[in-house]
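Going down the list, the sequences are from chains A and B.
Numbering (our numbering) for the first sequence: 139 to 152.
Numbering (our numbering) for the second sequence: 194 to 450.
Here a beta-carbon is modelled for each residue, glycine too, at the ideal position from N, C-alpha and C.
Here's the structure, in structure tokens; my notes come after.
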Amino acid sequence: QGTQMRMESFFGAA
Amino acid sequence: MFEARLVQGSLLKKVMEAIKDLLNEASFDCAHSGILLQAMDNSHVSLVSLNLRKEGFDKYRCDRNIVMGMNLTSMSKILKCASNDDIITMKAQDSADTVTFVFESPNQEKVSEYEMKLMNLDQDQLGIPETEYCCIIKLPSGEFARICRDLSQFGESIVISCTKEGVKFSAAGDIGTANIKLAQTGTVDKEEDAVIVDMQEPVTLTFSCKYLNMFTKATPLSPQVCLSMSPDVPLVVEYKIGEIGHIRYYLAPRIGD
């Protein structure tokens with residue numbers, strides 16, 4: 139059912 | 194000195210129910226403008242962003258910015274001691290290592306005080322970019338919770354597909370397949386009963402059922418939920434918190450086969 143992506147792949151460190 | 198008083202204390206109890214299954218601990222950033230919380234779950238698959246504006250409180254004072262690291266299991270235990278109609282005040286000294294919760298019954302005859310130790314949390318803060326979403330779907334929050342619950346029986350993932358006709362939720366697994374289509378509603382008596390689809394481009398994304406179901410713990414906060422989607426970016430699931438603010442859940446999609 140696909141690979142679960144993680145938040146860091148989309149949002150960089152603040 | 195930090196002090197925030199909320200006559201509608203039940204809102205804070207509901208906020209806690211909405212985050213405690215997803216997060217073990219979190220930092221409450223208290224500033225002049227209000228309280229912010231941003232934290233990822235342990236697996237870094239989702240992110241919770243909570244915003245409580247100062248104007249929403251009946252009394253709000255924050256002389257200096259303070260970051261209060263809280264164990265949410267402990268905070269939840271304490272908030273369970275508040276009755277639904279209690280007035281809740283959170284307060285802390287500027288460089289304190291504890292936070293105090295005060296619960297007042299509406300007639301002021303019972304006042305309870307709970308002091309909780311704060312934690313030093315070293316949490317990664319992510320910058321959430323401003324995003325124009327291709328599809329914005331508003332639907333009754335109870336309906337969304339029902340759909341997530343029903344589709345969980347079929348598989349671990351839910352496919353959300355938004356077109357100009359409406360939105361389709363699907364799941365597939367060993368026992369078979371399930372598809373739920375919601376069309377945009379015509380005129381409704383109450384705005385919160387409406388299904389509204391604002392679509393620039395059609396989008397289809399796949400998400401974990403487990404996380405969607407955890408987000409629906411926020412259902413008691415708002416009669417309506419807003420889903421925002423664009424290709425290959427996290428889904429945003431937003432619930433308004435009365436006149437105070439909002440809770441947004443971001444969920445990274447599942448990608449590929």
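Contacts of B:Tyr443 in chain A (Cβ-Cβ under 9 Å): Met145, Phe148, Phe149
Is the Cβ-Cβ distance between B:Phe294 and B:Met312 less than 8 Å? no
Can you list the residues of chain A that B:Pro299 reaches, using a CB-CB cut of under 8 Å? Per Cβ cutoff of 8 Å: no residues; B:Pro299 is ~40 Å from chain A at best.
Rounded to the nearest angstrom, how far is the Cβ of B:Leu319 from that of A:Met143, given a contact under 8 Å? That belief does not hold up - the Cβ atoms of B:Leu319 and A:Met143 are roughly 14 Å apart, past 8 Å.
From B:Gln201, B:Met194, B:Ser305, pick the residue whose C-alpha is nearest to that of B:Arg254; which is it? B:Met194
Selection from B:Ile368, B:Met422, B:Gln417 that minimises the alpha carbon distance to B:Lys331: B:Gln417
Please return the same chain residues whose Cβ sits closer than 6 Å to the Cβ of B:Thr472, not counting the five positions on each side in sequence. Missing from the structure shown is residue 472 of chain B; chain B here goes from 194 to 450 and no further.
Three-pair Cβ contact test at 8 Å for the segment 229 to 240 of chain B versus the segment 433 to 445 of chain B: yes
B:Lys206 vs B:Asn300 beta-carbon contact at 8 Å: no
A:Thr141 beta carbon less than 8 Å from that of B:Gly366: no
According to DSSP, is B:Glu358 part of a helix, a strand, or is it coil? coil
Cβ neighbours of B:Ser305 in the same chain (closer than 6 Å, five flanking residues each side left out): Phe296
Quick one: using the 10 Å Cβ neighbour count with 16 as the cut-off for buried, is B:Lys410 buried or exposed? buried
Per DSSP, which residues does B:Phe250 bridge with? Please list them. Answer is none; B:Phe250 lacks a bridge partner.
Going along the segment 341 to 356 of chain B in order, which residues come within less than 9 Å of chain D, judged by CB to CB distance? No chain D is part of this structure, whose protein chains are labelled A and B.
Find the residues of chain A that neighbour B:Pro446, judging by a C-beta separation of less than 7 Å, and give them in chain order. Met143
C-alpha distance - B:Leu246 paired with B:Gly369, whole-angstrom precision: For clarity, residue 246 of chain B is Arg in the given sequence; the question names Leu instead. Taking the straight line from one Cα to the other gives about 45 Å.
First and last residue of the beta strand (DSSP E) that includes B:Cys328? 328 to 333
Between the Cα of B:Gln286 and the Cα atoms of B:Leu265, B:Ile389, B:Val260, which residue gives the shortest distance? B:Val260
Which one of B:Ser226, B:Ala275, B:Leu243, B:Asn235 has the shortest CA to CA distance from B:Lys252? B:Ser226
Taking Cβ to Cβ, would you say B:Asn244 is nearer than 8 Å to B:Asn217? no
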